[in-house]
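A.B. asks: This is the structure I want to talk about, given as structure tokens.
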């Protein structure tokens, strides 16, 4: 017997499209292993909504993915006519999946909580707004959000499991940005800051404006999500953030910034050299505890797991009552559409397999 | 509303006793978070069985733990009269928990499968017998066995999640023995083999006869469990095992072995030195792929996560289609009653929270 689990998918960027492909590829597996079939009943991008209560066919989904891949909108598929109502598909057995990077999904997500839907987020924004707005999500038992931190790495599920067994998280530390990890390794190997940034940008490791990564806010959001999951009601303002460029370069165009970045080469060269003299290396580290946290360039021992981290790999160290001296460590590639979509799909399967008993 | 989930606990060694304490301590948490109450309806050691269909009270459980801690048997609590029948408590909603290190639980576990119970194992033996006997367990959807490998570290759950999202495991590598990790670090730091073994024994890191750890069979069992979970129907005979002492020292008493061990000091000193000349360090590494595997002392680069591992910490690297170049890494303390019991409890809570919908 196969149970159909309705899926409402918000967001059709690279992660959303990869997720659709993975869902189609794993249909037989979920049917055989859990007796579950994921049935996409609604998909949305920023411009349109496509609803089909009977579930969109594989052909329809593949068509939508192709259209989006061509840079067009979902509107080109559904036209201007409303194809259905989101309210009608927000049933208790449905799972709402937010793979946008938008604040505009918040209303739907709150409705989903009210309806008792499962919720899966890759979107960090609803979880990093002011605590009085976000706490409802953290208190909601049927929310999963593995892909918000470390993409497919099992960071959130590990913390949940520790907390479920009565352990108490004391502090967290991590290298949560592949881009900034790459940058640290390059500088360590003698590449000037400006050149390393340019390389990262050219390789597609950064946002079109590299300052969005260098600013550290995205890392801080991840640290805040982990802190709140640990049970600490912190705000973004409780985290100090060291951006990897000075305030004075904020107003420039991207091109002008890339040119001006050469003025920072010596600064970061000297910091790396100072660390090396103490047998240390620089890591863009986030550290957080119940009192607050700090995100920034930190010198750590060259020995040890953190110091031996190379390139874009992520690292998470979780210190708890039971793992007091030595943390639980999770490490590996923490970005990219394939592993991010897999993190989302893992959450969907977990919730779906719980919905069939 | 609280749903009672009957628990059948097999084994009252240190892990079993720690588990009972953790279950009692986390009662309120499970009630509040999942609406679940774990109700121990039967416990057993190697000599007796204590059944109470209404659930043993906290006082009874604490009494049993004290009796066992004093080195006495459960028989001293229940007497010789049979206190009830195990068959009657193996209901579909029950969870059978095997924290023994015995082959004698296999019959009950097979009955539990037939009854549709949830099953949680810390016991490696039922999963490492011949494949035709073990495969029924691996195929059973309601089996969890996190604590069989890496104690409380999320190794099994991570592999399950990767497989659930359609990823394919290609190979696995790991340092799966805290004892042998400690030994490697000591030898690396110049301590002679025989002294390092004696220290490990004195610190309680080894079995009373250290050859049980040094022989590598326990590591091979863990590697076999991971291989089978990955979908490869391997046998123990498909793994080559390098014991850290020669065949000639097998027949000796423990005392005679400890004396004779000095004859091995030069052997391991030379291997460590040879590795160091290539900027490598020795790790007791298990490597396994669909074709088979090897467990033994391996020289690895001093750089990188594996080389930077210190002391008894465990390490697991999982290479998959999606994590092809860089593996998912899970590392941390992988032994001890607290974290092992927590691994078991995490599995119980996972199954219990699925049983209430």
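Protein chains in written order, with the numbering used here: chain A, 1 to 357; chain B, 1001 to 1357.
All residues carry an ideal CB built from backbone N, CA and C; glycine is no exception.
In chain B, which residues lie with their C-beta within 9 Å of the C-beta of residue 98(A)?
C.D. replies: Result: empty, since nearest Cβ-Cβ is about 18 Å, beyond 9 Å.
A.B. asks: Taking 8 Å as the limit between beta carbons, can you name the residues of its chain near residue 1018(B), skipping five residues before and five after?
C.D. replies: 1337, 1338, 1340 and 1341
A.B. asks: Determine which residues share a DSSP beta bridge with residue 7(A) and list them.
C.D. replies: 40(A) and 95(A)
A.B. asks: Going by other Cβ atoms of all chains shown within 10 Å of its Cβ, with 16 needed for buried, is residue 168(A) buried or exposed?
C.D. replies: The residue in question, residue 168(A), is exposed, as its Cβ has fewer than 16 Cβ neighbours within 10 Å.
A.B. asks: Would you mind giving the Cβ-Cβ distance between residue 1313(B) and residue 1181(B), rounded to the nearest angstrom? I have them listed as a contact below 8 Å.
C.D. replies: About 6 Å separates the CB atoms of residue 1313(B) and residue 1181(B); that is less than 8 Å, so the two are in contact.
A.B. asks: Which residue wins for smallest C-alpha separation from residue 278(A), given the options 293(A), 292(A), 50(A) and 299(A)?
C.D. replies: 299(A)
A.B. asks: Determine, using beta carbons only, whether residue 90(A) comes closer than 9 Å to chain B.
C.D. replies: no
A.B. asks: For the stretch 192 to 200 of chain A and the stretch 257 to 270 of chain A, state whether three or more C-beta atom pairs, one from each stretch, are separated by less than 8 Å.
C.D. replies: yes
A.B. asks: Classify residue 133(A) as buried or exposed, calling it buried when 16 or more other Cβ atoms lie within 10 Å of its own Cβ.
C.D. replies: The residue in question, residue 133(A), is exposed, as its Cβ has fewer than 16 Cβ neighbours within 10 Å.
A.B. asks: Taking residue 333(A) as the query, report the chain B residues whose CB atoms sit under 7 Å from its CB, ordered along the chain.
C.D. replies: Listed along chain B are 1323 and 1326, each with a C-beta nearer than 7 Å to that of residue 333(A).
A.B. asks: Taking the beta strand (DSSP E) that residue 1330(B) falls in, what are its first and last residues?
C.D. replies: In the DSSP assignment, residue 1330(B) falls within the unbroken beta strand (DSSP E) covering 1328 to 1333.
A.B. asks: Between residue 1038(B) and residue 1023(B), is the Cβ-Cβ spacing less than 9 Å?
C.D. replies: yes
A.B. asks: Just the C-alpha distance for residue 1009(B) and residue 1211(B), rounded to the nearest angstrom, thanks.
C.D. replies: 30 Å
A.B. asks: Using the beta-carbon count (16 or more within 10 Å), is residue 1145(B) buried or exposed?
C.D. replies: buried
A.B. asks: Going by the beta-carbon positions, is the gap between residue 1241(B) and residue 1295(B) smaller than 9 Å?
C.D. replies: yes
A.B. asks: Does DSSP put residue 18(A) in a helix, a strand or coil?
C.D. replies: helix
A.B. asks: Residues of chain D with CB under 8 Å from residue 1141(B), in chain order?
C.D. replies: Of the protein chains in this structure, namely A and B, none is chain D.
A.B. asks: Any residues in the stretch 336 to 354 of chain A with a beta carbon nearer than 7 Å to a beta carbon of chain B? Which ones, in chain order?
C.D. replies: 338, 339, 342, 345, 346, 349 and 354
A.B. asks: Work out the CA separation of residue 303(A) and residue 1085(B) for me, nearest whole Å.
C.D. replies: 56 Å
A.B. asks: Given this structure, state the Cα-to-Cα distance separating residue 46(A) from residue 56(A), to the nearest angstrom.
C.D. replies: 19 Å
A.B. asks: Can you check the stretch 99 to 153 of chain A for any alpha helix (DSSP H) of at least 4 residues that lies completely inside it and give the ranges in chain order?
C.D. replies: Entirely contained in the stretch 99 to 153 of chain A, the alpha helix (DSSP H) runs reaching 4 residues are, in chain order, 106 to 115, 125 to 128 and 131 to 138.
A.B. asks: For chain A, find out if any of its Cβ atoms is closer than 9 Å to the Cβ of residue 1210(B); answer yes or no.
C.D. replies: no
A.B. asks: Please return the same chain residues whose Cβ sits closer than 8 Å to the Cβ of residue 274(A), not counting the five positions on each side in sequence.
C.D. replies: 299
A.B. asks: Around the Cβ of residue 30(A), are there at least 16 other Cβ atoms within 10 angstroms (buried) or fewer (exposed)?
C.D. replies: buried
A.B. asks: How far does the alpha helix (DSSP H) with residue 87(A) in it reach, from first residue to last?
C.D. replies: 86 to 89
A.B. asks: Please list the partners that residue 1076(B) has in chain A, where partner means a Cβ-to-Cβ separation under 7 Å.
C.D. replies: Neighbourhood of residue 1076(B) in chain A, by CB distance below 7 Å: empty, with the nearest CB roughly 29 Å away.
A.B. asks: What's the C-alpha gap between residue 15(A) and residue 1077(B)?
C.D. replies: 58 Å
A.B. asks: How about the stretch 216 to 233 of chain A and the stretch 279 to 286 of chain A: do they share at least three Cβ pairs that are nearer than 8 Å?
C.D. replies: yes
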